Amino acid sequence: MPLMSRSRAGTLTYGDESQKRGPPGAVYTSKTLGSCRPEPWNGEVESARPLLGKDAACTRGQLPVPNPPPATAMSNWRKDHLGASSSEPLKVIIIGNGPSGICLSYLLSGYTPYVKPDSVHPHPLLHRKLTEVPGVSILDQDLSYLSEGLEGRCESPVALLFDALLRPDTDFGGNMESVLMWKHQKERAIPHVVLGRNLPGGAWHSIEGSMVTLSQGQWMGLPDLQVKDWMRRKRRGLRNSRATAGDIAHYYRDYVTKKGLGHNFVSGAVVTAVEWGTSEPSGSEVQSPRPLFQVSGFLTSKDQSQRPFSLCAHNVVLATGTSDSPTQLGIPGETLPFVYHELSALEAARRAGTVTPTSDPVLIIGAGLSAADAVLYARHYNIPVIHAFRRTVDDPGLVFNQLPKMLYPEYHKVHQMMREQSILSPSPYEGYRSLPEHQPLLFKEDHQAVFRDPKGLQKVFGISLVLVLIGSHPDLSFLPGAGADLAMDPNQPLSAKRNPIDVEPFTYQSTQQEGLYAVGPLAGDNFVRFVQGGALAVASSLLRKEARKPP
Numbered sequence: 001m002p003l004m005s006r007s008r009a010g011t012l013t014y015g016d017e018s019q020k021r022g023p024p025g026a027v028y029t030s031k032t033l034g035s036c037r038p039e040p041w042n043g044e045v046e047s048a049r050p051l052l053g054k055d056a057a058c059t060r061g062q063l064p065v066p067n068p069p070p071a072t073a074m075s076n077w078r079k080d081h082l083g084a085s086s087s088e089p090l091k092v093i094i095i096g097n098g099p100s101g102i103c104l105s106y107l108l109s110g111y112t113p114y115v116k117p118d119s120v121h122p123h124p125l126l127h128r129k130l131t132e133v134p135g136v137s138i139l140d141q142d143l144s145y146l147s148e149g150l151e152g153r154c155e156s157p158v159a160l161l162f163d164a165l166l167r168p169d170t171d172f173g174g175n176m177e178s179v180l181m182w183k184h185q186k187e188r189a190i191p192h193v194v195l196g197r198n199l200p201g202g203a204w205h206s207i208e209g210s211m212v213t214l215s216q217g218q219w220m221g222l223p224d225l226q227v228k229d230w231m232r233r234k235r236r237g238l239r240n241s242r243a244t245a246g247d248i249a250h251y252y253r254d255y256v257t258k259k260g261l262g263h264n265f266v267s268g269a270v271v272t273a274v275e276w277g278t279s280e281p282s283g284s285e286v287q288s289p290r291p292l293f294q295v296s297g298f299l300t301s302k303d304q305s306q307r308p309f310s311l312c313a314h315n316v317v318l319a320t321g322t323s324d325s326p327t328q329l330g331i332p333g334e335t336l337p338f339v340y341h342e343l344s345a346l347e348a349a350r351r352a353g354t355v356t357p358t359s360d361p362v363l364i365i366g367a368g369l370s371a372a373d374a375v376l377y378a379r380h381y382n383i384p385v386i387h388a389f390r391r392t393v394d395d396p397g398l399v400f401n402q403l404p405k406m407l408y409p410e411y412h413k414v415h416q417m418m419r420e421q422s423i424l425s426p427s428p429y430e431g432y433r434s435l436p437e438h439q440p441l442l443f444k445e446d447h448q449a450v451f452r453d454p455k456g457l458q459k460v461f462g463i464s465l466v467l468v469l470i471g472s473h474p475d476l477s478f479l480p481g482a483g484a485d486l487a488m489d490p491n492q493p494l495s496a497k498r499n500p501i502d503v504e505p506f507t508y509q510s511t512q513q514e515g516l517y518a519v520g521p522l523a524g525d526n527f528v529r530f531v532q533g534g535a536l537a538v539a540s541s542l543l544r545k546e547a548r549k550p551p
């Protein structure tokens with residue numbers, strides 16, 4: 001019987017606007033893919049094939065060398081996963097190479113957590129449970145039993161458990177070392193591949209490098225390599241206990257290298273389709289049919305050419321995060337060339353001289369942290385700003401009202417500016433004007449933005465550039481029906497914060513499709529410190545599947 005799915009109510013919300021559903025897909029009817037008989041890779045790149053029918057071969061020999069990663073990394077990957085001696089599909093394909101995918105790859109590579117002998121956990125109930133089976137890996141224990149009774153800043157019991165083991169007293173301001181020790185047991189490794197658009201670290205490589213992380217630096221780390229230790233070796237320092245996005249992106253990329261995971265990672269990979277059915281037992285085997293997934297897409301080379309690939313696997317893990325598709329306003333003029341949906345556009349415009357202290361203001365729309373980051377960036381370079389948002393300044397739902405002032409003084413400074421420098425109440429903040437409760441209506445080709453104010457009157461502002469920063473949503477267009485049927489409420493848009501993929505709480509396997517897993521924001525875990533619990537649950541589930549396989 002499936003485990004009870006978990007509620008995600010009460011998750012901290014960052015965005016300013018509600019998320020919208022992407023283009024609806026056709027209703028998908030599952031069909032049998034047939035046996036999956038790989039052919040040895042012959043060095044040639046073939047065209048991607050459509051969904052394979054019964055008795056068609058699903059070859060793993062179609063993956064061309066991308067750039068990045070280096071040729072040596074791809075050579076190792078071909079050697080490990082495309083060898084002629086293997087007659088089975090891949091065990092696992094992980095789609096997404098951010099913190100969730102990296103952590104899962106670490107666990108699937110044979111790195112196994114054990115409780116340190118003589119360690120004392122500050123949580124008495126958890127400590128008692130940990131001492132009941134000494135010498136048994138956490139991956140082999142009952143995660144439901146261990147996580148029972150834990151409370152914290154996350155709704156996922158496994159996420160709370162793994163966080164408590166890695167950072168035992170962090171929520172109480174302590175810095176107690178992890179109670180876990182790690183053993184590299186190669187015999188426990190499960191072959192897998194991690195597909196990602198960017199370098200390992202995912203979307204962190206797309207964030208302006210000088211931006212400071214919301215979470216404390218120590219919470220951004222992955223197992224067995226603390227951020228503070230890595231930064232000390234790099235002769236870097238934390239800012240008010242927080243790190244820059246550039247440092248964190250470098251840390252994740254370095255983590256993959258230091259832990260020897262690089263041969264599992266393929267960068268520049270864009271997945272365009274994931275389809276599934278069941279495989280038929282071969283020969284005289286008497287066993288239940290297993291799920292079989294076909295993952296298709298293309299790799300982008302250094303010359304920007306695209307080369308197709310097609311892979312088969314018995315398990316697929318969705319770890320793509322939520323930053324793929326920025327939320328749109330849906331108003332006329334939003335596609336004009338001076339309207340952007342990512343903060344990096346402001347940095348590029350400043351470097352190109354498109355926006356300067358003497359140019360027309362930059363219009364920033366949104367009241368979340370991304371919009372605040374844009375305001376801070378513009379203010380740092382004395383670029384004039386008009387800041388518009390649909391809520392009132394004192395709306396309790398604003399993220400600024402949920403952050404401690406001592407830890408996040410820069411965000412509270414933006415909030416103060418939003419309150420004191422509105423169009424109705426001028427104040428000393430030269431070069432900044434806020435427009436609370438203003439609804440954007442359209443953007444004109446002559447660089448004018450039209451708004452409706454709280455009284456229903458229209459107002460027009462001349463602007464140099466527009467940044468629409470009102471959140472983002474996952475792009476799951478590669479799934480049948482864009483993944484809508486996998487959500488907790490299939491009748492509502494899939495949203496990381498409001499309607500994530502429905503997964504079993506102690507395996508993170510989809511409640512709708514065996515062999516399909518989701519981790520990170522797709523499963524409702526929105527902080528790096530908590531996404532690692534999902535990776536633990538998936539690794540534990542996959543190891544149990546391997547143990548149940550007949551000899």
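Counting in the UniProt record's numbering, the sequence shown runs from 1 upward without gaps.
Positions of the beta carbon are idealized from the N, C-alpha and C atoms, including for glycine.
Note that the coordinates shown come from a computational prediction; the quantities given were computed from them, not determined experimentally.
Cβ-Cβ distance between residue i and residue j below 9 Å
i           : j      : result
His415      : Ala388 : no
Leu222      : Ala164 : no
Ile331      : Phe443 : yes
residue 555 : Ala518 : Outside the displayed range of the chain (1 to 551) lies residue 555, so it cannot be described from this structure.
Lys183      : Tyr111 : yes
Gly297      : Val317 : no
Leu346      : Val362 : yes
Ser325      : Pro99  : no
Pro384      : Ser359 : yes
Ala243      : Met231 : yes
His447      : Ser464 : yes
Gly333      : Glu445 : yes
Leu130      : Ser137 : no
Cβ separation of residue i and residue j, assumed to be a contact under 8 Å, to the nearest whole Å
i      : j      : result
Asn526 : Ala487 : That pair is no contact at about 16 Å.
Ser114 : Met181 : Here residue 114 turns out to be Tyr, not Ser, going by the sequence shown. Right, the Cβ-Cβ distance comes to about 6 Å (below 8 Å), so this counts as a contact.
Ala349 : Leu398 : About 27 Å separates the two Cβ atoms, so there is no contact after all.
Gly202 : Gly96  : 6 Å
Tyr408 : Met417 : Not quite, the Cβ-Cβ distance comes to about 14 Å (not below 8 Å), so this is no contact.
Ala537 : Phe506 : 6 Å
Among the options, the one whose alpha carbon lies nearest that of residue i
i           : options                        : result
Gly135      : Val120, Arg153, Lys116         : Lys116
Gly515      : Gln294, Val339, Phe530, His438 : Gln294
Leu494      : Leu479, Arg153, Glu504, Leu292 : Leu479
Thr354      : Phe338, Gly520, Met406         : Phe338
Glu410      : Arg351, Asp169, Val538, His380 : His380
Thr320      : Val92, Leu469, Asn198          : Asn198
Gly534      : Ala203, Ala159, Pro308         : Ala159
Val92       : Ser156, Asn175, Leu139, His192 : His192
Arg290      : Pro308, Ala313, Asp303         : Ala313
Leu261      : His412, Gln512, Tyr106, Leu146 : Tyr106
Pro440      : Leu469, Tyr432, Trp276         : Leu469
Leu150      : Asn491, Arg188, His121         : His121
Pro436      : Gln532, Pro454, Thr278         : Pro454
Leu108      : Ser540, Ala547, Arg548         : Ser540
Phe265      : Arg253, Glu275, Trp276         : Arg253
Ile248      : Leu225, Gly268, Ser267         : Leu225
Leu467      : Ala374, Tyr408, Gln304         : Ala374
Val194      : Ile501, Leu536, Ala352, Ile102 : Ile102
Ser472      : Phe162, Lys302, Gly196, Pro521 : Pro521
residue 554 : Asn382, Ala547, Pro168, Gly333 : No answer is possible for residue 554: the residues shown for the chain start at 1 and end at 551.
Arg390      : Thr335, Ala378, Gly456, Leu343 : Gly456
Three-state secondary structure (DSSP) of residue i
i      : result
Val399 : helix
Tyr111 : strand
Thr392 : coil
Thr278 : strand
Val385 : strand
Phe527 : coil
Gly202 : helix
Val355 : coil
Leu346 : helix
Gln539 : This sequence places Ala at residue 539; Gln is not what is there. If DSSP states are grouped into helix, strand and coil, Ala539 belongs with the helices.
Thr257 : helix
Arg419 : helix
Thr59  : Note on Thr59: pLDDT 38, under 50, position unreliable in the model; the coordinate value appears next. DSSP places Thr59 in coil when its eight states are reduced to three.
Met74  : Low confidence applies to Met74: its pLDDT is 40, below 50, so where it sits in the model is not reliable enough to give any reading.
Leu33  : Below a pLDDT of 50, predicted positions are generally treated as unreliable, and Leu33, at 43, falls in that range; the measurement from the model is reported next regardless. Of the three classes helix, strand and coil, the one that applies to Leu33 here is coil, per DSSP.
Phe298 : strand
Asn264 : helix
Ser305 : coil
Lys545 : helix
Would you list, in sequence order, the uninterrupted alpha helix (DSSP H) runs of no fewer than 4 residues that lie entirely inside the stretch 145–196? Qualifying alpha helix (DSSP H) stretches, in chain order: 157–166.
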